[in-house]
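Number of protein chains: 2
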Amino acid sequence: MSRDRRNILFIMCDQLRWDYLGCSGHPRLRTPHIDALAARGVLFSRAYCQSPICGSSRMSFYTGRYVDSHGAAWNNFPLKVGELTLGDHLRPLGLRTALVGKTHMAADVEGMARLGIDPASAIGVRVAECGFDPYERDDGLHGRGPAGKYDPREPRYNAWLQAQGYDGDNPWDDWANAAADDEGNLLSGWLLHNSTRPARVKAEHSETPYMTRRALDFIDEAGADSWCLHLSYIKPHWPCIAPAPYHAMYSAADVLPAVRNEAERRDPHPLYREFMALRVSRAFSREAVRAAVIPAYMGLVAQIDDAIGVLIDGLRSRGLLDSTLIVFTSDHGDYLGDHWLGEKDLFHDPSVRIPLIVVDPSGAADATRGTSCEALVESIDLAPTFVEYAGGQAPGHILEGRSLLSWLRGRPPGRWREAAISEYDYSMTPAAEALGVAPLDARAFMVCDRRWKFVYAEGMRPMLFDLAADPQELADLGADPATAGERERLLGLLNRWARRQSQRTTVADAQIEARRGGSESKGILIGYWDETELPAGNLPDKWRRAATRDAA
Amino acid sequence: MSRDRRNILFIMCDQLRWDYLGCSGHPRLRTPHIDALAARGVLFSRAYCQSPICGSSRMSFYTGRYVDSHGAAWNNFPLKVGELTLGDHLRPLGLRTALVGKTHMAADVEGMARLGIDPASAIGVRVAECGFDPYERDDGLHGRGPAGKYDPREPRYNAWLQAQGYDGDNPWDDWANAAADDEGNLLSGWLLHNSTRPARVKAEHSETPYMTRRALDFIDEAGADSWCLHLSYIKPHWPCIAPAPYHAMYSAADVLPAVRNEAERRDPHPLYREFMALRVSRAFSREAVRAAVIPAYMGLVAQIDDAIGVLIDGLRSRGLLDSTLIVFTSDHGDYLGDHWLGEKDLFHDPSVRIPLIVVDPSGAADATRGTSCEALVESIDLAPTFVEYAGGQAPGHILEGRSLLSWLRGRPPGRWREAAISEYDYSMTPAAEALGVAPLDARAFMVCDRRWKFVYAEGMRPMLFDLAADPQELADLGADPATAGERERLLGLLNRWARRQSQRTTVADAQIEARRGGSESKGILIGYWDETELPAGNLPDKWRRAATRDAA
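Chains L and Y, in that order, are what the protein sequence lines are.
Counting from 70, one number per residue, gives the positions in the first sequence under the numbering used here.
Counting from 70, one number per residue, gives the positions in the second sequence under the numbering used here.
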């Protein structure tokens with residue numbers, strides 16, 4: 070029975086580096102359950118997000134389109150009302166498409182009002198939730214400050230914590246993301262020096278297990294329906310504080326040395342220089358900060374790994390393992406001090422490269438289980454993968470990625486993309502102000518092929534890394550005369566990409582081929598001198614007499 | 070009183086060449102009323118349409134965005150439901166925004182259904198009519214063939230003709246666009262050899278005067294309201310047949326020699342070659358065809374000129390001349406046999422260059438009346454011109470053109486565009502099939518600066534014309550080694566344009582500048598080591614004790 074079912078469990082972490090997993094080679098971090106996923110599926114070892122920032126990256130995952138195409142270029146830039154999302158593609162194929170956790174979606178409220186769409190209607194909710202039915206929407210950022218709440222939504226999680234006896238009006242802030250000192254004073258998880266302490270919340274009450282249980286709740290509620298569930302964890306995103314015992318699972322001794330050198334700070338690319346100057350970058354350039362924060366980050370990953378174990382057991386016990394496509398990925402990475410940077414935003418691997426494991430339960434995928442695929446993969450490849458897995462045909466005039474099923478099923482496509490693209494709009498950042506760049510011009514692009522990574526910000530010299538000779542991306546060859554040819558070639562790839570057609574989304578290629586020449590049979594006759602030139606059968610009777618006369 | 074009013078009369082012809090007006094230098098064609106408009110306003114002598122085909126060009130006029138941005142890349146490719154149009158920009162400024170005549174708009178019916186928009190609702194109608202209230206929508210193409218009607222809408226004009234006594238179920242086809250031979254046999258205006266004859270309809274009953282009266286009807290109905298009226302004539306677009314006396318106003322003796330030479334047919338650019346091979350191009354390469362059709366084309370322009378006289382008198386008699394911005398333009402031109410081509414579609418001036426006259430009634434524009442402006446103007450410049458004239462501020466993150474008011478009011482902007490861009494999607498044409506180009510790749514671009522015109526079709530060598538040495542565009546320098554530098558420079562301009570941000574339409578630049586750093590005041594604290602680093606006033610009380618302790 071379950072053979073007929075087609076479920077998709079689309080698991081996303083937030084800010085999880087591609088290389089902070091056992092299966093991707095981290096020497097200290099243990100992730101047995103995620104490694105087991107990789108053993109059952111394919112590890113895509115060269116996957117990139119479309120933009121190294123939560124909101125824009127996610128809108129690309131959910132629309133299957135480049136940021137340049139959907140326009141939600143930064144956090145909380147609303148995704149325009151007309152954009153199609155996973156739900157629009159999967160519901161017609163019979164999949165309930167639901168969300169548990171974070172999307173960072175900002176609704177196009179003005180657009181909805183302009184089009185008379187009631188935000189409370191089923192359509193309105195989906196438009197406002199990038200096509201998901203929000204089983205439990207929680208973006209996992211409930212900080213509050215003098216100007217109020219960052220996220221106006223009151224999370225169910227807070228009420229649930231209160232029901233478990235955690236006090237205060239925002240237990241997310243005071244318990245799940247705070248510690249206590251020996252006298253019981255509140256120590257905020259927002260402050261990096263507190264990352265060494267355990268969160269005040271019990272592990273089983275923290276966000277990761279909570280969202281995991283909510284995912285299983287949805288699966289039980291869905292019953293016999295097919296579904297696509299987006300389980301979207303906020304962790305290991307900051308506030309970087311883990312509950313016991315995860316807070317103590319790793320120590321400073323487990324922290325890998327920062328990937329950086331002094332040469333990077335000498336005459337850096339202007340945009341890179343501005344990001345190195347940020348508070349968070351200066352903080353993570355201090356060893357004390359890395360030693361305090363990275364073990365907590367690793368503990369939060371370990372907690373996610375345990376949650377994956379619970380999820381897989383849950384699928385197995387429900388008999389769903391053989392009908393469920395499982396994806397494990399992240400929206401982007403985290404510099405954690407590499408390259409003198411904190412956070413994400415730029416295009417070094419720690420930021421732009423993402424973990425990606427796909428488990429295809431079908432027999433056709435048995436041959437590739439436990440293998441690794443080095444193809445250049447973009448996050449927009451997941452949407453067409455889901456559509457194809459669900460039995461549909463990916464609309465190539467809307468979805469800009471390519472299905473990964475051919476890789477999973479041991480039929481590598483003859484041609485694949487030459488290079489992966491990622492984009493970043495820095496108009497909201499201090500860099501735009503410092504560099505005096507107007508919002509519309511504050512754009513940077515990455516073009517990464519099998520050997521080279523090229524970074525281009527409008528109006529500045531490019532950056533270039535030779536990934537073969539310099540896999541750690543420490544030597545910027547962007548001004549090296551010897552590599553001018555590569556830069557020209559890679560800029561050419563960027564330009565060809567930029568010239569692509571991305572907005573002709575209302576007419577499919579097949580429709581175009583079918584419609585060619587159709588207007589003539591509807592009486593649009595262009596360039597005919599007289600009746601005798603008209604195609605047979607396209608001469609209205611009323612003209613016939615004149616035609617006959619002419620012929621006579 | 071009328072001083073407070075802000076009306077816009079946006080007159081568009083269809084397929085009217087830039088150089089088929091007295092004021093633009095045609096040696097035989099007399100257009101005194103249009104010339105009088107030019108004398109009262111500014112003639113923009115280097116204006117280009119965004120795409121040399123009706124539908125796409127018009128969607129750019131109406132959205133103020135490049136075809137690459139709005140995606141309606143060919144006739145009847147629906148404009149996606151979310152795109153903002155003139156009505157969205159002008160109604161909030163108090164202007165009734167209405168249509169009389171043609172738009173060639175195809176509604177995004179699927180998108181409307183997806184978003185639950187009722188096509189019969191006020192919002193639905195505007196979404197389906199590119200933002201206009203359709204006072205009288207008539208695309209002016211009511212041909213019928215074995216496969217039915219090209220345009221499913223039954224035009225009011227047909228009913229009106231029947232009321233005037235014209236018989237048949239489609240008097241548009243049988244009377245307004247047909248002639249009769251001496252025995253009264255029907256001779257279709259679709260057939261070029263009939264263009265020398267008068268249409269069967271009386272001049273006062275033909276489309277141009279009819280639509281002109283409908284425009285005045287709207288103006289009377291609007292009363293004291295401010296309005297933007299798009300009066301959109303189908304003529305001199307084919308079927309190319311004029312009513313008496315216009316059919317005989319010009320003769321073969323008035324037809325200018327075709328601009329073409331044999332060199333153009335030797336080793337032409339592949340795309341150009343395919344368009345030269347079209348039936349309509351082969352037809353207009355015959356002198357007999359030009360001699361029959363062009364006098365009728367000129368007669369139809371003369372009839373429009375008379376209509377402009379009626380309109381201006383109508384505005385004057387209603388006291389509206391001093392409150393009405395008047396625009397006279399066309400959606401694109403017509404090769405009429407120049408360069409061995411018929412119709413439009415490619416980027417020689419006869420096709421892509423458009424007539425553009427703007428009359429600004431305000432006193433600030435007195436100094437420029439009767440002058441000509443050689444700035445590189447794009448059709449998308451009209452939307453921001455209208456918004457600014459109506460007292461609004463053009464949203465630069467949505468409207469990609471620039472207001473022309475600074476030119477009209479004698480304050481030339483310091484910086485203006487370096488080059489004009491035009492685009493053409495040939496995926497629907499036989500050229501795509503003949504060249505074996507996939508629909509998404511069937512794109513061509515024009516980049517035209519003050520001296521050079523560069524044409525680039527993906528996958529082919531470019532075309533290049535030196536407009537200074539070769540204003541008639543007869544010598545394609547696209548393969549000339551001597552001009553390689555110019556081609557590289559112009560391709561660079563195209564690529565910079567292609568890399569522009571065009572889809573971030575939900576957030577304005579000013580909002581971005583205002584929002585910078587805003588999340589910190591909402592409790593999002595990134596990169597702070599401890600309480601002592603927190604900005605003053607951003608330390609929650611609950612943390613204070615710990616902070617004091619640390620400080621102690």
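The C-beta atom is built at its ideal place from N, Cα and C for all residues, glycine as well.
The structure displayed is predicted, hence computed values, not measured ones.
Asked	Found
Endpoints, the alpha helix (DSSP H) within which Asp52 of chain L is located	No statement about residue 52 of chain L is possible, as the shown extent of chain L runs from 70 to 621 and does not include it.
C-beta atoms of Asp83 of chain L and Ser420 of chain L nearer than 8 Å	no
Per-residue burial, Ile80 of chain Y [other beta carbons within 10 Å of its own, 16 or more giving buried]	buried
Three-way DSSP call (helix, strand, coil) for Ala579 of chain L in this model	helix
Enclosing alpha helix (DSSP H) for Glu343 of chain L [first to last residue]	339-345
Spatial neighbours of Leu184 of chain Y in its chain, beta-carbon cut-off 8 Å, leaving aside the 5 residues before and after	Val150
Against chain L: residues of the stretch 346-361 of chain Y by CB proximity under 9 Å	Leu347, Arg348, Val349, Ser350, Arg351, Ala352, Phe353, Arg355, Ala357, Val358, Ala361
Of the listed residues L:Val270, L:Pro161, L:Cys199, L:Val169, nearest to Val178 of chain L (C-alpha basis)	L:Cys199
Closest Cα partner of Val524 of chain Y within the set Y:Leu504, Y:Val506, Y:Ile303, Y:Arg558	Y:Arg558
Alpha-carbon to alpha-carbon, His139 of chain L and Gln572 of chain Y	6 Å
Host beta strand (DSSP E) of Thr132 of chain L (start-end)	No beta strand (DSSP E) contains Thr132 of chain L, which is instead part of the alpha helix (DSSP H) from 123-132.
Neighbourhood of Pro508 of chain Y by C-beta, 8 Å cutoff - its chain only, sequence neighbours within 5 removed	Ser496, Ala501
Cross-strand partners of Phe523 of chain L (DSSP beta bridge)	L:Val516, L:Leu533
DSSP bridge partner residues for Leu300 of chain L (one or two, in chain order)	L:Ile80, L:Val169
Helix, strand or coil at Arg282 of chain L [DSSP, three-state]	helix
Cutoff 8 Å: Trp521 of chain L Cβ touching any chain Y Cβ	no
Member of Y:Arg334, Y:Ser475, Y:Lys304, Y:Thr440 whose CA lies at the smallest distance from the CA of Leu410 of chain Y	Y:Arg334
Separation of Glu469 of chain Y from Pro453 of chain Y, as counted between CA atoms	8 Å
Any chain Y beta carbon closer than 8 Å to Ala142 of chain L	yes
Beta-ladder partner(s) of Gly305 of chain Y, from DSSP	Before going on, a small fix: residue 305 of chain Y reads as Pro here, not Gly. Beta-bridge pairing links Pro305 of chain Y to Y:Asp83.
CB contact check: Ala216 of chain Y to chain C, cutoff 8 Å	The displayed structure is made up of protein chains L and Y, and chain C is not among them.
Residue from L:Ala577, L:Ala583, L:Arg520 with nearest C-alpha to Thr552 of chain L	L:Arg520
Where the beta strand (DSSP E) through Leu203 of chain L begins and ends	According to the sequence as given, residue 203 of chain L is Pro; it is not Leu. Pro203 of chain L -> beta strand (DSSP E) spans 202-206.
Beta bridge counterpart(s) of Ser399 of chain Y as assigned by DSSP	Y:Cys82
Integer-rounded CB distance, given that Ser93 of chain L should sit under 8 Å from Ser491 of chain L	Actually they are not in contact, since the Cβ atoms of Ser491 of chain L and Ser93 of chain L sit about 19 Å apart, beyond 8 Å.
Near-chain Y residues of the stretch 261-272 of chain L (beta-carbon distance less than 9 Å), N- to C-terminal order	Leu261, His262, Asn263
Span of the beta strand (DSSP E) around Thr454 of chain Y	That residue, Thr454 of chain Y, is in no beta strand (DSSP E); its alpha helix (DSSP H) goes 451-458.
Residue environment, Thr100 of chain L, which counts as buried when at least 16 other CB atoms sit within 10 Å	buried
Inter-residue spacing [alpha-carbon to alpha-carbon] between Trp566 of chain Y and Ala327 of chain L	39 Å
contact_flag[the stretch 421-435 of chain Y, the stretch 541-551 of chain Y] where n(CB pairs < 8 Å) is 3 or more	no
Cβ distance (whole Å) where Asp242 of chain Y is taken to contact Gly212 of chain Y below 8 Å	6 Å
Under 9 Å from the C-beta of Arg213 of chain L: neighbouring residues of chain Y	Lys591, Gly592, Pro609
Counted within 10 angstroms of its Cβ, other Cβ atoms place Thr393 of chain L as buried (16 or more) or exposed	buried
Cβ-Cβ distance between Ala459 of chain Y and Leu162 of chain Y below 8 Å	yes
Same chain, Cβ closer than 8 Å to Gln462 of chain L, five either side skipped, listed in chain order	Val456
Own chain, CB closer than 7 Å to Ala248 of chain L, minus 5 neighbours either side, in chain order	Leu256, Gly258, Asn263, Arg266, Pro267, Ala268, Arg269, Ile310
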